[in-house]
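The block underneath contains the structure these notes are about, expressed in C-alpha cells.
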Ligand code: PDD
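Numbering (full-length UniProt numbering), first residue to last: 3 to 283.
Laid out in C-alpha cells, this is it:
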C-alpha cells in the first residue's frame, strides 16, 4: 500500500508524521472519509466543501489548492489500485514545538491521504441482517459539526458498543433526544411512516451521506422531517438505520438489547440504499 504524506508518496508501512505534529499532540486537525465505488468517488464535491468548512472553522489554511488535492487523491487511488474502497484525508496545523497557541505564521500544515479496499462481504452481511446499537450519554464538545480528529469520546463509545456485542453507539442528550452515532447519522421511520433525522446544527455532524440521502428520498417520493426524536420514539419506530460514507446505510435491528419492529431490516432503508448510487455524484 502507498500513502501520501506531505508531498511524497511513501510505502504505507513506513509513512509517518513528526512526533511534534499538532494532530498527534492536540488532535488539532480535521479529516474526511470518502467512498470509492466502481472506480468512482462518491460525493467528492460535497466532501471537499465540508473539508473547506472544517478547515476554516478551526482556522487552518488549505495545504494545497483544491485541484492539487484532487490530483493527489486520484494518484493514491491509482497507486493502490482501489476501485471499491475508502480514502482518508487528514490535515493538521503542522509540526511545531509544543505550545497550545497556533504555531508561527508560515508553519506548513500536514496533509496525509491514505486509501484502503472495503470488505464487500461484511457490508453485504450487515445490510442483510442489520446491526445492533447501544445508547450512550452525549459527552462531546458542542462543535461536533466540525469534522475534527478529536474523536476520543467517539472511540470510547464505539468500544463500549463492541463490548456489548453491538456495532454502533448512539449519543443521547440528557433530555432523552437522539443526536447521532459515534461515526454515523441516525434515522427512523416513525409510527406515521415518516422518515426522520435530527436537524443539523452544531450538535451533530452534517453527514454527506445524510445530505445525499435527502436528495435520494425526495427523488423516490419519500418525505423527510429534520427534527429530533427521543430514544422512546426510536425504540418504537418501524425502522431505524444509520448512514455514513463508510456504509451508506445500515439497518439497526436492536438497540440496548431491545428488538426494533420485527427485528429484520426494513423496506425504506433498502429502497433508499438501492436508489442511492443513481443520485450520488
Ligand atoms: N464518520 N457523524 C459522525 C460523528 C461521523 O463521524 C460521521 C462520519 C457521520 C457521517 O458522515 P458522512 O455521511 O459524511 O460520512 C456522522 C466517518 C465515516 C469516520 O469517522 O470514519
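We put the CB at the ideal spot given by N, CA and C, even for glycine.
Practice item. For residue 52, I'd like the list of residues in its chain whose CB is within less than 8 angstroms of its CB, leaving aside the five on either flank, ordered along the chain. Key: 34, 149, 208 and 210
Review point. Is the segment 69-89 touching the segment 40-51, taking contact as three or more C-beta pairs under 8 angstroms?
Key: Output reads yes: the segment 40-51 touches the segment 69-89.
Check your understanding: Is the beta carbon of residue 190 sitting closer than 8 angstroms to the one on residue 231?
Key -> Yes, the pair counts as a contact, with Cβ atoms nearer than the cut-off.
Review point. Tell me the DSSP bridge mates of residue 114?
Key: Residue 114 pairs with 7 and 92.
Review point. According to the Cβ coordinates, are residue 188 and residue 179 closer than 8 angstroms?
Key: No; because the gap between Cβ atoms is not below 8 angstroms, this pair is not in contact.
Exercise for review: Would you mind working out which of 100, 130, 247 and 223 sits nearest residue 255, comparing C-alpha positions?
Suggested key: 130
**Study point:** residue 124 (DSSP reduced to helix, strand or coil)
**Key:** helix
Point to revise | Segments assigned alpha helix (DSSP H), at least 4 residues, entirely inside the segment 175-247 | key: 210-221 and 233-237
Exercise for review: Grab me the residues of residue 63's own chain with a C-beta within less than 8 angstroms of its C-beta, minus the 5 sequence neighbours each way, in chain order.
Suggested key: 57 and 111
Check your understanding: residue 20: buried (16+ other C-beta within 10 angstroms of its C-beta) or exposed?
Key -> exposed
Check your understanding: Going along the chain, which residues of its own chain have a beta-carbon closer than 7 angstroms to the beta-carbon of residue 156, five neighbours each way excluded?
Key -> 184 and 185
Exercise for review: State buried or exposed for residue 267, treating a residue as buried only when at least 16 other CB atoms are found within 10 Å of its CB.
Suggested key: Taking every protein chain shown into account, the CB of residue 267 has 16 or more other CB atoms within 10 angstroms, so this residue is buried.
Point to revise | residue 286 - DSSP class collapsed to helix/strand/coil | key: Beyond the ends of the chain as shown, which are 3 and 283, falls residue 286; an answer cannot be given.
Check your understanding: For residue 73, which three-state DSSP category applies?
Key -> helix
Exercise for review: Quick one: using the 10 Å Cβ neighbour count with 16 as the cut-off for buried, is residue 204 buried or exposed?
Suggested key: Under this definition residue 204 is an exposed residue.
Exercise for review: Below 8 angstroms on the Cβ atoms is my guess for residue 197 versus residue 242; work out the distance and round it to an integer in Å.
Suggested key: Between residue 242 and residue 197 the Cβ distance is about 11 angstroms, and since that is not below 8 angstroms, they are no contact.
**Study point:** Member of 195, 193, 67 and 212 whose CA lies at the smallest distance from the CA of residue 201
**Key:** 212
Practice item. List in chain order: all unbroken beta strand (DSSP E) runs of 3+ residues lying wholly within the segment 16-67. Key: Runs found: 31-39.
Check your understanding: Expressed to the nearest angstrom, what Euclidean distance is found between the alpha-carbon atoms of residue 165 and residue 171?
Key -> 11 angstroms
**Study point:** 8 angstroms Cβ cutoff met for residue 100 and residue 22
**Key:** yes
Check your understanding: Taking all protein chains shown into account, do 16 or more other C-beta atoms lie within 10 angstroms of the C-beta of residue 264, making it buried, or fewer, making it exposed?
Key -> exposed
Check your understanding: Out of curiosity, what's the CA-to-CA distance linking residue 106 and residue 37?
Key -> 35 angstroms
Check your understanding: How many Å lie between residue 30 and residue 206 at the Cα?
Key -> 19 angstroms
Review point. For residue 274, which three-state DSSP category applies?
Key: helix
Review point. Does the distance from the CB of residue 82 to the CB of residue 122 come in under 8 angstroms?
Key: no
Check your understanding: Secondary structure at residue 100, three-state DSSP: helix, strand or coil?
Key -> coil
Review point. What residues in its chain sit with their C-beta under 6 angstroms from that of residue 284, if we drop five residues either side in the sequence?
Key: Nothing in the structure corresponds to residue 284, since the chain is present only between 3 and 283.
Exercise for review: Give the single residue among 144, 119 and 275 whose Cα lies nearest to the Cα of residue 221.
Suggested key: 275
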